[in-house]
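Worksheet: the structure to be examined is printed underneath.
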Amino acid sequence: MAKIKITQTKSIIDRPKDQKATIVALGLGKINKSVVVEQTPQIAGMVNKVNHLVKVEEA
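Every position in the sequence shown, counted from 1, becomes a number in my numbering once 103 is added.
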């Protein structure tokens with residue numbers, strides 16, 4: 104599987120609980136924090152849910 108780098112670009116203040124939980128589940132939580140993860144259908148769904156708060160690029 105390919106790896107992707109996910110970087111949080113916006114704050115989770117005033118966001119719904121489910122979006123906050125998704126950001127935490129991805130291993131993020133602070134602006135400009137990045138994680139490198141395997142690209143799986145589960146991760147793709149999580150990224151799709153919070154795509155307005157994160158930036159995704161190939162790792």
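Where is the CB? At the ideal position from N, CA and C, for every residue including glycine. Remember, predicted model here, so these are calculated numbers, not experimental data.
DSSP on Val-139, reduced to helix/strand/coil?
strand
Applying the 10 Å Cβ sphere with the 16-neighbour rule, what's the burial state of Met-104?
By the neighbour-count criterion, in which 16 or more other beta carbons inside 10 Å mark a residue as buried, Met-104 falls on the exposed side.
Quick one: grab the DSSP three-state call for Ile-109.
strand
Quick one: residues in its chain with C-beta nearer than 7 Å to the C-beta of Glu-141, no 5 flanking neighbours on either side, listed in chain order?
Met-104, Lys-106
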